[in-house]
Amino acid sequence: MKVLFTCATALVGSLHAQDAVKAPPTQDHHQTTESASKAAIYKSIVRIEVASQVPDYKTPWNAGRFSGGTGTGFLIGKNKFLTNAHVVSNARRVLITMHGSSRKHPARVVHVAHDCDLAILELVDFRPFADLSYLEIGTIPKLESEVRVIGYPMGGERISVTRGVVSRIDFRPYAHSRSDSHLVVQIDAAINPGNSGGPVLQDGKVAGVAFQGLTQADNTGYMIPTPVIDRFLKDIEDGSYDSYADLGVYDFALFNPAMRKAYNLQPNDPGVLVSSVTSGSSSSDTLKEGDILTAIDGYSVDSSGNITIAGERVNMNEVIERKFAGDKVKLDFTRDGKNLSKEITLKTFPPASMYSVQYGKKPRYLIQGGLVFQPLNRNLYAAHKLNNPRVRRLFSEYVKEGIYKERKDILILTRVLDDPINSALSKYIGSAVKSINGVDITDIHQAHELLNPAEPPEFFEIMLEGQDRPLILPSKGLSEANQRISENYGAHKANNLTN
Amino acid sequence: MKSFFTLTIVLATSFGAMAKDVADSVIRVASTLQSYNPSQPWEKTSPHKRRALAAVLPNSQVLTTAEMVTNANFIQLESANGEHQIPARVVAVDYEANLALLTPNSDQGIKTLGQFKALQIASPAHLGDTVNIVQIEDNGMTLITEGRIQSVDVAASFVPGHFFLNYQVKASMQSAANSFTLPVLKDDKLLGLLTSYSSKDQLVEIIAPEIITAFLKDAKNHVYQGFPSLGIGTTRTTDTHFRDWLQLSSDKGGLFVTRVLPNSAAALAGIKKGDVLTSISGKPLDRRGYYQANGYGQLFWSHLIRGSHPIGSTIKLGLLRHGKPLEVSATLKRAPEGIIPSHTYDKAPRFLVKGGLVFQELSKSYLQAFGENWATRAPLNLLDAHNHPEDYEKGRKRLVFISAVIPTPATLGYESLNSVIVEQVNGQEIQDLPSLIAAFKTTPENGIHTLKLDGQPETIYLDSKVSDTVDQSLLARGLPYLSRDTQ
Chain A
117 MKVLFTCATA LVGSLHAQDA VKAPPTQDHH QTTESASKAA IYKSIVRIEV ASQVPDYKTP
177 WNAGRFSGGT GTGFLIGKNK FLTNAHVVSN ARRVLITMHG SSRKHPARVV HVAHDCDLAI
237 LELVDFRPFA DLSYLEIGTI PKLESEVRVI GYPMGGERIS VTRGVVSRID FRPYAHSRSD
297 SHLVVQIDAA INPGNSGGPV LQDGKVAGVA FQGLTQADNT GYMIPTPVID RFLKDIEDGS
357 YDSYADLGVY DFALFNPAMR KAYNLQPNDP GVLVSSVTSG SSSSDTLKEG DILTAIDGYS
417 VDSSGNITIA GERVNMNEVI ERKFAGDKVK LDFTRDGKNL SKEITLKTFP PASMYSVQYG
477 KKPRYLIQGG LVFQPLNRNL YAAHKLNNPR VRRLFSEYVK EGIYKERKDI LILTRVLDDP
537 INSALSKYIG SAVKSINGVD ITDIHQAHEL LNPAEPPEFF EIMLEGQDRP LILPSKGLSE
597 ANQRISENYG AHKANNLTN
Chain X
12 MKSFFTLTIV LATSFGAMAK DVADSVIRVA STLQSYNPSQ PWEKTSPHKR RALAAVLPNS
72 QVLTTAEMVT NANFIQLESA NGEHQIPARV VAVDYEANLA LLTPNSDQGI KTLGQFKALQ
132 IASPAHLGDT VNIVQIEDNG MTLITEGRIQ SVDVAASFVP GHFFLNYQVK ASMQSAANSF
192 TLPVLKDDKL LGLLTSYSSK DQLVEIIAPE IITAFLKDAK NHVYQGFPSL GIGTTRTTDT
252 HFRDWLQLSS DKGGLFVTRV LPNSAAALAG IKKGDVLTSI SGKPLDRRGY YQANGYGQLF
312 WSHLIRGSHP IGSTIKLGLL RHGKPLEVSA TLKRAPEGII PSHTYDKAPR FLVKGGLVFQ
372 ELSKSYLQAF GENWATRAPL NLLDAHNHPE DYEKGRKRLV FISAVIPTPA TLGYESLNSV
432 IVEQVNGQEI QDLPSLIAAF KTTPENGIHT LKLDGQPETI YLDSKVSDTV DQSLLARGLP
492 YLSRDTQ
C-alpha cells in the first residue's frame, strides 16, 4: 500500500508535465487519481472513542465520574497510533474505528505525555489495520502555506476535511497541563471538538497534530508542530516517557538603560538577566541571580531572552525544548564583569508537577475524626476553589522559594465531615496544616503516622497555617467516631496515601 | 376606655410640644467630602456631599458622626428654618467610635448657635425603653419617629474591626430629607446618634450614650486621646474537646487568647498567648466572651475595655494559665499601631514619584480600594503583609511599595513591577516614605540609583539624571507635586 501511495503521487506529477505538450487528459481520470491518493490515507486516520473515569478531587473517596468523548488519531508505524493526551486521559476503555467501517476495535494507551499533549495507542489486534499506510512526520510548514486538517469533529459521524493556511508560529501554553508552553503553529482551518489528535497535512506529510482552538477568536486553531512530535517520539524510544527538562531559570528583560549601564552593557550587547534560579534545578549549581546569560549552546541570547534558530527568532528555551534529561547544554554568562562558560547537564524537575493538572491518578487523601486532608496541587485548587491567602502564598512560592524542599506535600483541610467529635471545626476548612502534635508536616505519609500512632496521645493538636488556635481531636471515642463517619458519609476507605 | 382616650390626647399634645422644642436643639450639617485617589495619590477623587441632622450641645458645639467629616473640605451648619448658614470646623473626631464634634468658624456663628436649646446627654437606657428619632423634612417640619430598644450589642459602625456599644431600636422610619445620621432622644435628652437603618428589618442602629459621654470628656483635653484597647486576639471556647485540652471545667466560660500585640496593655500586663481570659473587672466571661451587663442583658466583653474606662485606668483581669487561675492588672492604653494602619482618614497619603515609579505606604484602605472582593483580588504579597504584619515588621515603621509604574524613559522595562515591596535604596534600609525620599536625595557616584526589592528581579536601577528630567516633565504635564512626606 505504501508503495502504491507514492506511485499515485508520481503519476499526478507526470500528468501535469504532459499537459504542456499534449492535449490535457480527461478531467475525470485526473480527479479520480488525486482523490484516490487522498482517500488512500483516510483509512490511516482513525476515530478514537474513549470511555473515561474522571477522578473526584472534591470527594476523593468516591470512584469518580464516568465520562467519555471522541477524538482523532493516525497511524505512524506498526500498531502505533498518534493522538492527543487529552483525548485519552483518564481512559478506561479505548475503541478505534476505521474510516468506512463501523467495527470498533479495542485499543490501549502505550505512552502518554501530559506536558506536551501527545499519546501513543496500540490496537489489541492490529491485523485488520495491517495493510494501511503510515503517515510520515514532515517538517514545520512555512507561514501562509496551505494545510488540511482531517479528522472526526462534531457535526457528523464520518471523516471530515478542512483546509486553511499557516497563520502564525509561536511559543504558547498547552491547555492540557495548564503549566507548560511549547512551540505551536496557528492555522485558520476549522479545528473543532473531535478533531483533537488528528493530522494536519501538507504535501502528503504530517505538519502537526490538531489539538486546541481559541474560542474567543475566529478561525484560530492550533496544531502541535513536528519538532514537539519528533521529541516525543524520540523520548519514548527507550520504552518510557521522561518528560521535558527545564533550565530552572527565571529571566528579566534588560531593556532599561540604567540597568544596562549598571551591568556595563553596551547598547547592542547580548544577554538577558537571570532574576532567579530555582534551587535543585539543572542550573542551580552553575547560575546565580544577577548573572547575565549571553548565549545558550552557542546561540546568542538577546536582551529579552530570544535567540535566532534557522532564521526564526524564538525564546531561548527552545534549545532546551529539543533536548532530553541527561543532555548537556553550554551556557555563556557574565558575572561581576567576568565572562564565564560552563556546561550543565539537563534534568527534569518533579516538584513543578505541583502546577500541572494531574491525570489518571487516584487522589491522595487522609481522614481522621472526620477531618479530610488532601495534598495541595492544581487539581485540588480547582475542585475546592481554595482562597485562603496563606494557602495561595504557599502554592505560588512552592517552587520559587524552595518550599518543596522541606514540604513535599502541603496538606489542606478540605472538608469536615460533621460529627460530635469535630462539630466546632467547619470554619477552618480551606487552611493548610502546619504541624500535628508539634511536628511540622512534610508529607502525607508522615501526617498519617502522626495521626495514627501506636500509642495515641490524649489529644491530637493540629495547628493550621494562619489560624488562631490548634484544632483538638480527642483520642477517646475517636475510633467509634471514625466508624460512624465512615458509615454516614460513605467514606469506606479512610485514606489513599499513594498514587 | 376613658383612660385610654385621655392617654392618646396626652400623647398627641406632648408629641406636638416635643416637636416644637426639638427643632431648637438640632441643626442640619452639610459637608463636602473629597478623598485622595488611592492609585494616583497626588490628586483627589470627585468631591461628594453628605447631609445629616446633628445634635446641638452646650458651648456652641454640635455632635454628629465621623462619617460626616471624613476628608471634609467644607462643613456648614444650617438651621431648620433656613435662617442661618454657619460654616463650621472639627473640634475633635474619632473614626473608630464614629463621632465628631463641630463648632462654628466665626464668632457670629458661635453667638447664633449659643441661642439654640442645647441638649444634655441622657443616661444609659434599658432594653424595652422607648426612644424618639428626630428628622427634619425638607420643608422644615419636624418628624419624630418612636422606637423601642430591642437589643444592645457592640458593633463597628464605620471603620471595620472597631466595636463600640450600640443600641438596636425597632422603628418604622420614613426616608425624609435624605439624612446620613440623626439624633435620637429620650426624655428630651440626647441618647445617641443613628448610624444605619434597615428598612427590611425595621431596625435602627444607634451609638450609645456611654460612648458619647466618654468622647465628649476626652474632647475637652488639649489633645484628643481616643478609646483604649487591650491588644489581644481571642477565640471562643465553645468546642468541648478544645476545653478539655485547655483543662477548662465544664461549668465555666472563658476566652482563649490567640495573640498578644507587642507593647499593648495586655502585653505589659503579662498576658500570654494561650491564656484563657475568664473575667474582666470581676465580671465573668462566658464561652463566647459575653458577660452580664446591668440593664443590657448579655454584652460582648470588648465594652468592658472600650467605653467603660478611659485611657490610663487600671483594671483587673482574671486568667487561667495551664489550668491554674491567675489575676493580672492592666493599665489601659491605645492599641500600638503596627506598620500597616487600619485607616488613614484625614491623612493625605504619603507618596513619592521618582522617574515614573510611584511609591506609597501600605494601609488597609489601599487594599480595600480593590473593591468588595479585595481580600482575594488585591495583590497576593500585599495581602500577605496585611494578614501577617509580624513577618514584615523588622526595621520598619511603614511598608513602602511600588504602587504604579508610569511608562517613562526611566522606567523602560519595569512596567511589570507593580506592587513590589521596596527594601533598600542606595544602600539605605527603607523604613517609611520619608526615609525613601532621603535615600533618593543622595546622588550615587555613578549616577544610578540602586533599588533593592522584595521580588524578582531583586535589584533594579534608575538613572539619576534621566529620572530627574522625567520628574520635571511629569510636573509640566500636570502632576501638582512629586511627593508628600507629611500627613
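Sequences listed follow chains A and X, in order. So that you can map any letter, position 351 of the first sequence is 467 in the working numbering, and since no number is skipped, the others follow by simple counting. So that you can map any letter, position 369 of the second sequence is 380 in the working numbering, and since no number is skipped, the others follow by simple counting. Quick reminder that beta carbons are idealized off the backbone N, C-alpha and C, glycines included.
Distance between residue j and residue i (C-alpha atoms, nearest Å)
{"i": "L363/X", "j": "L493/X", "result": "6 Å"}
{"i": "P445/X", "j": "R361/X", "result": "8 Å"}
{"i": "L315/X", "j": "D496/X", "result": "38 Å"}
{"i": "A369/A", "j": "S478/X", "result": "20 Å"}
{"i": "T123/X", "j": "I132/X", "result": "21 Å"}
{"i": "Y158/A", "j": "E383/X", "result": "56 Å"}
{"i": "E581/A", "j": "G554/A", "result": "13 Å"}
{"i": "Y379/A", "j": "Q467/X", "result": "17 Å"}
{"i": "L272/X", "j": "S240/X", "result": "11 Å"}
{"i": "M470/A", "j": "I223/X", "result": "55 Å"}
{"i": "G216/A", "j": "L248/A", "result": "13 Å"}
{"i": "A411/A", "j": "D448/A", "result": "5 Å"}
{"i": "V33/X", "j": "V142/X", "result": "14 Å"}
{"i": "Y605/A", "j": "R254/X", "result": "27 Å"}
{"i": "N598/A", "j": "L257/X", "result": "24 Å"}
{"i": "Y520/A", "j": "S359/A", "result": "20 Å"}
{"i": "E517/A", "j": "V390/A", "result": "15 Å"}
{"i": "G406/A", "j": "S392/A", "result": "8 Å"}
{"i": "L237/A", "j": "T331/A", "result": "28 Å"}
{"i": "D105/X", "j": "A111/X", "result": "6 Å"}
{"i": "F85/X", "j": "R61/X", "result": "11 Å"}
{"i": "N611/A", "j": "A136/X", "result": "58 Å"}
{"i": "L566/A", "j": "T530/A", "result": "18 Å"}
{"i": "M12/X", "j": "K197/X", "result": "With a pLDDT of 43 at M12/X, under the threshold of 50, the modelled position of this residue cannot be trusted; read the value that follows with caution. Straight-line Cα distance between these residues: approximately 28 Å."}
{"i": "T125/A", "j": "Q318/A", "result": "Residue confidence is low: T125/A scores 30 on pLDDT, short of 50, so the model does not pin down where it sits. Its coordinate-derived value is still stated next. Looking at the two C-alpha atoms, the distance is approximately 13 Å."}
{"i": "L381/A", "j": "K350/A", "result": "40 Å"}
{"i": "N200/A", "j": "V430/A", "result": "24 Å"}
{"i": "N495/A", "j": "L251/A", "result": "36 Å"}
{"i": "R506/A", "j": "V416/X", "result": "27 Å"}
{"i": "F370/X", "j": "F412/X", "result": "6 Å"}
Beta-carbon contacts of residue i that lie in its chain and below 6 Å, excluding the five residues immediately before and after
{"i": "P590/A", "result": "F575"}
{"i": "L266/X", "result": "T245, L288, L296, G300"}
{"i": "F127/X", "result": "D35, V67"}
{"i": "L541/A", "result": "V532, L587"}
{"i": "P341/A", "result": "I256, L299, V301, G324"}
Nearest-angstrom Cβ-Cβ length linking residue i and residue j, presumed shorter than 8 Å
{"i": "I528/A", "j": "A607/A", "result": "Contact flag wrong, Cβ pair sits at about 17 Å."}
{"i": "A305/A", "j": "V265/A", "result": "5 Å"}
{"i": "K366/X", "j": "D482/X", "result": "First, the residue type needs correcting, since residue 366/X is Gly and not Lys in the sequence shown. G366/X to D482/X, Cβ: 7 Å. Contact."}
{"i": "I423/A", "j": "Y415/A", "result": "4 Å"}
{"i": "I351/X", "j": "A396/X", "result": "7 Å"}
Close-in-space but distant-in-sequence residues of the same chain around residue i (CB under 8 Å, 5 per side omitted)
{"i": "A468/A", "result": "S295, D362, V515"}
{"i": "P336/X", "result": "T289, G329, L330"}
{"i": "I326/X", "result": "I291, S292, L315, I316, H320, S340, A341, L343"}
{"i": "I121/X", "result": "S71, T114, P115"}
Cut-off 7 Å between Cβ atoms - residues of its own chain near residue i, not counting five sequence neighbours on either side
{"i": "K477/A", "result": "P171, N615"}
{"i": "K476/X", "result": "G458"}
{"i": "M579/A", "result": "K550, S551, P586"}
Within 8 Å, do at least three Cβ pairs link the region 383-395 of chain X to the region 177-194 of chain X?
no
Chain-ordered residues of the region 366-384 of chain A with a beta carbon less than 8 Å from chain X:
Y366, F368, A369, L370, F371, N372, P373, A374, M375, K377, A378
Does the region 208-221 of chain X come close enough to the region 230-237 of chain X to have 3 or more Cβ pairs within less than 8 Å?
no
Between the region 482-496 of chain A and the region 438-456 of chain A, do three or more beta carbon pairs fall short of 8 Å?
no
Scan the region 572-584 of chain A for residues whose Cβ lies nearer than 7 Å to a Cβ of chain X and list them as they occur along the chain.
F575, G582, D584
Is there contact here, the region 546-562 of chain A with the region 490-504 of chain A, by at least three beta-carbon pairs under 8 Å?
yes
Taking 8 Å as the threshold, find out whether the region 344-352 of chain X comes into contact with the region 273-281 of chain X through three or more Cβ pairs.
yes
Meets three-Cβ-pair contact criterion under 8 Å: the region 164-179 of chain A and the region 192-208 of chain A:
yes
Below 7 Å between beta carbons is the criterion; list the residues of the region 403-422 of chain A that meet it against any residue of chain X, in chain order.
E405
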